[in-house]
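From first to last, the protein sequence lines are chains A and B.
Note that our numbering has the first sequence beginning at 145, numbered continuously upward.
Note that our numbering has the second sequence beginning at 145, numbered continuously upward.
By construction, the Cβ of each residue, glycine as well, lies at the ideal position given by its N, Cα and C atoms.
Remember, it's a predicted structure, so these values are computed and weren't measured experimentally.
Notes for the one structure printed next.
Number of protein chains: 2
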Amino acid sequence: MDMAEHGVARHTRQKDALLQQLRACEGFVSAQELHRRLTDSGASVGLATVYRQLNSLAESGAVDTVRLDGQQMFRICDDDSHHHHLICSGCGKTIEIEPPDMEWMRQVARSHGFKINSHTLEIFGLCADCQNKRATTQQSQGHDRA
Amino acid sequence: MDMAEHGVARHTRQKDALLQQLRACEGFVSAQELHRRLTDSGASVGLATVYRQLNSLAESGAVDTVRLDGQQMFRICDDDSHHHHLICSGCGKTIEIEPPDMEWMRQVARSHGFKINSHTLEIFGLCADCQNKRATTQQSQGHDRA
DNA sequence: CTACATGCAAAGGGTTTGCACTTAT
DNA sequence: ATAAGTGCAAACCCTTTGCATGTAG
Numbered sequence: 145m146d147m148a149e150h151g152v153a154r155h156t157r158q159k160d161a162l163l164q165q166l167r168a169c170e171g172f173v174s175a176q177e178l179h180r181r182l183t184d185s186g187a188s189v190g191l192a193t194v195y196r197q198l199n200s201l202a203e204s205g206a207v208d209t210v211r212l213d214g215q216q217m218f219r220i221c222d223d224d225s226h227h228h229h230l231i232c233s234g235c236g237k238t239i240e241i242e243p244p245d246m247e248w249m250r251q252v253a254r255s256h257g258f259k260i261n262s263h264t265l266e267i268f269g270l271c272a273d274c275q276n277k278r279a280t281t282q283q284s285q286g287h288d289r290a
Numbered sequence: 145m146d147m148a149e150h151g152v153a154r155h156t157r158q159k160d161a162l163l164q165q166l167r168a169c170e171g172f173v174s175a176q177e178l179h180r181r182l183t184d185s186g187a188s189v190g191l192a193t194v195y196r197q198l199n200s201l202a203e204s205g206a207v208d209t210v211r212l213d214g215q216q217m218f219r220i221c222d223d224d225s226h227h228h229h230l231i232c233s234g235c236g237k238t239i240e241i242e243p244p245d246m247e248w249m250r251q252v253a254r255s256h257g258f259k260i261n262s263h264t265l266e267i268f269g270l271c272a273d274c275q276n277k278r279a280t281t282q283q284s285q286g287h288d289r290a
C-alpha cells in the first residue's frame, strides 16, 4: 500500500468524488466499474488512484471487500454490516443477511488453536428475477451442494 | 472452457499425472503450484493444460475451488467435503470444519426468493504455529469482526 | 515548503486463448 | 481417420508500482 503509510490523510477532490460515487452504489462495485462511473460522471480520477484509495479504505475498515469472479468488489461498510451476503450471480444484486449464531465459529477456531482474523460467508445463487430471465445458464465457480 | 466441450473425456498421461499429484496434496493448491510440483516430479505438463484440466475438473465437481489471496485454489473434492474451512493466513494450512446447521441458509435464501447455487464459508486467521512465529503481522483482505 | 496524493504508463501475476501439433480411440 | 487434448506463446484482465508532477497543510 502506498499513500500516506504513516502521515495524515489529506482531503482531495478525487477522494471526495470517489466516496460520493461509492456511496451512490447499491451493492458491491469493482474498482474498474467505479472508475468507469467516475469517468462517466465527469469527475475524472485515475485508475491507479481508485485502486489506491479503495485499498486504503479497505485497510482502514471503511469499506467491505469481497472477491467475486476474479475481481475484488468494494462497498461502503455500514456499521451494521455483518459481512454475510446473498449474492446473485446473474445481476450482482447483494442482500445482507444475518446468520443466527456465530458463536460456534469461535469455538471451532479455538479448538484448533486458531486466532480468527476475519471470515466470510457468501451464498451465491440466482435472485427471483434472474431465475426467470435465464433458466438455462451455469457458471463455473463452485458447484451445487447447498 | 475448452477441452471436449461435448465429446467424451480421453485418458492422457498429463491428466493422470495431474490427478495423482493433486491427490497427493494435503489441502488446497493453486494451479501454478500444482504445475510446479508436476514439473519438479518429472512429469512435465504444460501450464495451460493444468489450467484447462483443473477448470474442467472444477466444472464437473471433481475438485473444490476456493479463491484465496488473488488466486484460485483447487483440491480434490472428497464426498464428505463440506466446503467450509479454517484457513491459516500464515502458512496456508486449511482445516475442514463442519458447521452445526446450515438449514437457516436455505430458509434465508428462500425468504429472498433466491435459488442457492453455491456458498462459501471461510474463516481466516493464524494457526497456533504461526501465531508464535509472527506475532506482529497483518494482512489486507477483510478486517476484524469475528 | 514539504510530505502526501495523483496520473500515467509500464510492469506484474494469474488465467485464458489461438493455433498448430499429438495422440487416444 | 477424427476429434480430444496438449504445448507454446501471445493475449487478457485486474492490480500494483516507479517516478515525475501536482497540491493540501
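Asked                                                                                                                                                                                       : Found
Using CA coordinates, which residue listed in A:V194, A:A272, A:A153 is at the minimum distance from Q165 (chain A)?                                                                        : A:V194
Any idea if R219 (chain A) is buried or exposed, counting beta-carbon neighbours within 10 angstroms, 16 or more meaning buried?                                                            : buried
So, helix, strand or coil for S185 (chain B), using DSSP?                                                                                                                                   : coil
So, I267 (chain B) versus I260 (chain A), is the Cβ gap smaller than 8 Å?                                                                                                                   : yes
Tell me where the beta strand (DSSP E) around R211 (chain B) begins and ends.                                                                                                               : 207 to 212
I'd like to know if the segment 204 to 219 of chain A and the segment 182 to 192 of chain A are in contact, where contact means that at least 3 CB-CB pairs between them fall below 8 Å.    : no
Excluding the 5 residues flanking R250 (chain A) on each side, which residues of the same chain have their C-beta closer than 8 Å to its C-beta?                                            : I260
Kindly list the residues whose CB is nearer than 8 Å to the CB of V173 (chain A), restricted to its own chain and excluding five residues on each side of it in sequence; keep chain order. : L166, R181, M217, F218, R219
Quick one, which of B:L270, B:F258, B:A253 has its alpha-carbon nearest A253 (chain A)'s?                                                                                                   : B:L270
Examine chain A for any beta-carbon lying closer than 8 Å to the beta-carbon of M217 (chain B), and answer yes or no.                                                                       : no
State the DSSP-derived secondary structure class of V173 (chain A), mapped to helix, strand or coil.                                                                                        : strand
Please check if any C-beta of chain A sits within less than 8 Å of the C-beta of A192 (chain B).                                                                                            : no
Which value, in whole angstroms, describes the spacing of the CA atoms of C169 (chain B) and L163 (chain B)?                                                                                : 10 Å
Give the range of the beta strand (DSSP E) segment to which R219 (chain B) is assigned.                                                                                                     : 215 to 220
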